[in-house]
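Let me begin by presenting the structure, written as structure tokens, before commenting on it.
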Amino acid sequence: MKKYSLLTLFLISALFATAQEGDKWTLQECVNYALENNISIQQSELNLEISEIERLDAIGNFLPNVNASATNSWNTGLTQNVTTGILQTQTTRNFSAGVTASMNLFDGLRNFKQLQRSKISQLSAQYSLDKMKDDITLFVADSYLQVLFSKQNLEVLRSQNEVTLEQLERTQELVEAGSLPRGDLLEIRATDADEKQRMIVAENNIKISLINLAQLLRISDYENFDIVDRDYDIFGSDILENSVYDIIDRAREERSELKIAEANRDLAEKDVEIAKGAYMPTLGAFFNYNTRESGMGRITGVTIDPQDPTREIGVVESTGEVVVAPNTMTTIGNPLPFFEQLQRNDGISYGVQLSVPIFNGFATRNQVKRSQVSAKRAEYEMEQAELDLEANVYQAYVDARGAFEAYEAALVAADAQEQANEYATQRYDVGLTNAFDYSQSKLRYENAQREVVRTKYDYIFKLKVIELYFGVPVTELKF
-17 MKKYSLLTLF LISALFATAQ EGDKWTLQEC VNYALENNIS IQQSELNLEI SEIERLDAIG
43 NFLPNVNASA TNSWNTGLTQ NVTTGILQTQ TTRNFSAGVT ASMNLFDGLR NFKQLQRSKI
103 SQLSAQYSLD KMKDDITLFV ADSYLQVLFS KQNLEVLRSQ NEVTLEQLER TQELVEAGSL
163 PRGDLLEIRA TDADEKQRMI VAENNIKISL INLAQLLRIS DYENFDIVDR DYDIFGSDIL
223 ENSVYDIIDR AREERSELKI AEANRDLAEK DVEIAKGAYM PTLGAFFNYN TRESGMGRIT
283 GVTIDPQDPT REIGVVESTG EVVVAPNTMT TIGNPLPFFE QLQRNDGISY GVQLSVPIFN
343 GFATRNQVKR SQVSAKRAEY EMEQAELDLE ANVYQAYVDA RGAFEAYEAA LVAADAQEQA
403 NEYATQRYDV GLTNAFDYSQ SKLRYENAQR EVVRTKYDYI FKLKVIELYF GVPVTELKF
């Protein structure tokens, strides 16, 4: 029964350890998470959505404008019946409706230029999004490597402290046996305390680097966040075997910085063309349909007024005879049905409208000049972007080669310090050197090991920068 309990406990521990390892983040997972959740990337994606809306706006400029209107009003007082034409003091209700359509036939080709501009703007937004993703990916890789560096730095300190503890135990035995002075024991104890203090600092550096990476990923659970511990082997890169000029040429083809500058230049040139289009006349077509209806009664007939059948209209001068005529009155009936009135009272109008610009206070001319100045500035900015890209690639190339050489030099120095430390240990064990000199030799060896770790991850990051300029995804850490 006890065997089964131990086996169950072992399996549970193994599963828990596997789950803990599964909670650790790989570099690829960190990059993917950042690309989905980083605020700067989300803002760039919104800019891309806006550029798509602007493209749809440009397409809409080719379509007609159609508007419908309807009015139902009541008027009180002396008003004219729109159906009978008679002025009456009363409350009337009138209804009118219409549909208006208009279309721009020619506007100096500005609509076509605006559509072309919207497509260029969409490309610029896409390039900006790509650049932001590259930048965030590089930031994540840098932070990730910083965590790995901090962890390996702690491992170096721990391994050296294990050696110190072994030496401390041996020294204490020799001191108790009277083979070594007590001062050597105190020196080793001081070395142990100093190493433990540096281990605490190293542990804090790990926590800080993990927090920095978590903040970059927008992860708030700092306590449970950790990355997979992985060591990368180092060797030369095929990319560094290319000349710096080949890498610069490749960067001109791959990097988004130059593509953004080119798109901005094209946008500025297109703005000049759009501004010049205002010099051209515009031609538009329109079509209107309208109808009306009134709630007033309509004239249905004419009859003789029974109260006053005749009325005097004049007098014959020679005889003085009064001339009379029938006194008629109109008969008002119910209004026609609503839809029948709309059908009878409808009408249309259509035509074309030509507008020729003559003078508008130099507004068009000044706008053209402003656009030309902006285009010239965009041209300069593109030239500057080319120079900056060339300088950045050259700097990254020199940094990567220098980092690799520094790493190789650190390996040589660490090997030399290891041999020196072994020699110092042997001398200390036989009493030919004191504890202080031994501790100094051990410290130099420890610093050499830490320098190997530092130059190693410095080279990895700088190599990723030059690979990014060469068009290699920064997540492909192949060494």
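Position 386, counted from 1, in the sequence shown is what the numbering used here calls 368; the numbers after and before it change by one each time, with no gaps.
For each residue, glycine too, the CB sits at the ideal point set by N, CA and C.
- Counting only runs of 4 or more residues that sit fully inside the stretch 304 to 358, the alpha helix (DSSP H) segments are 320 to 326, in chain order.
- Under the three-pair Cβ rule at 8 Å, the stretch 113 to 123 does not count as touching the stretch 155 to 173.
- Apart from sequence neighbours up to five positions away, the residues of its chain that approach residue 154 with a beta-carbon distance below 7 Å are 167, ordered along the chain.
- Counting along the chain, the unbroken beta strand (DSSP E) around residue 292 starts and ends at 292 to 297.
- In the three-state scheme derived from DSSP, where H, G and I count as helix and E and B as strand, residue 159 is classed as coil.
- Considering only 73, 336, 287 and 391, the residue with the shortest C-alpha distance to residue 84 is 336.
- With contact defined as three or more Cβ pairs closer than 8 Å, the stretch 123 to 143 and the stretch 171 to 178 are in contact.
- Less than 8 Å divides the Cβ of residue 118 from the Cβ of residue 23.
- Within a 10 Å sphere around the beta-carbon of residue 109 sit 16 or more other beta-carbons, which makes this residue buried.
- Residue 351 sits exposed, since fewer than 16 C-beta atoms from the chains shown fall within 10 Å of its C-beta.
- The alpha-carbon of residue 29 is positioned some 10 Å away from that of residue 35.
- A residue is called buried when at least 16 other Cβ atoms come within 10 angstroms of its Cβ; residue 53 does not meet this threshold and is exposed.
- For residue 223, the three-state secondary structure derived from DSSP is helix.
- Restricting attention to 227, 88, 26 and 44, the CA atom closest to the CA of residue 107 is found in 26.
- Rounded to whole angstroms, the gap between the alpha carbons of residue 365 and residue 399 is 50 Å.
- Excluding the 5 residues flanking it on each side, residue 320 has same chain C-beta neighbours closer than 7 Å at 275, in chain order.
- Nearest neighbour of residue 450 by Cα position, chosen from 100, 340, 250 and 237, turns out to be 237.
- Beta-bridge partners assigned by DSSP to residue 85: 267.
- Three or more beta-carbon pairs separated by less than 8 Å link the stretch 124 to 132 to the stretch 178 to 196, which places the two stretches in contact.
- Under the three-state reduction of DSSP output, residue 77 falls in the strand class.
- The residue from 156, 13, 303 and 240 with its alpha-carbon nearest to that of residue 412 is 156.
- Here residue 375 really is in contact with residue 230; their C-beta atoms are around 5 Å apart, less than 8 Å.
- Note on residue 72: under 16 other CB atoms within 10 angstroms of its CB, so exposed under the neighbour-count rule.
- In the three-state reduction of the DSSP assignment, residue 216 falls in the coil class.
- Taking C-beta separations shorter than 7 Å and ignoring five residues to either side along the sequence, the partners of residue 243 in its chain run 363, 364 and 367, following chain order.
- Non-local beta-carbon contacts of residue 89 in its own chain, meaning distances under 6 Å to residues more than five positions away in sequence, involve 264 in chain order.
- In the three-state reduction of the DSSP assignment, residue 122 falls in the helix class, which pools H, G and I.
- In the DSSP assignment, residue 45 falls outside any alpha helix (DSSP H) and carries neither an H nor an E.
- A check of alpha carbon separations from residue 121 across 453, 443 and 452 identifies 443 as the nearest.
- In the displayed model, residue 55 falls within a strand according to three-state DSSP.
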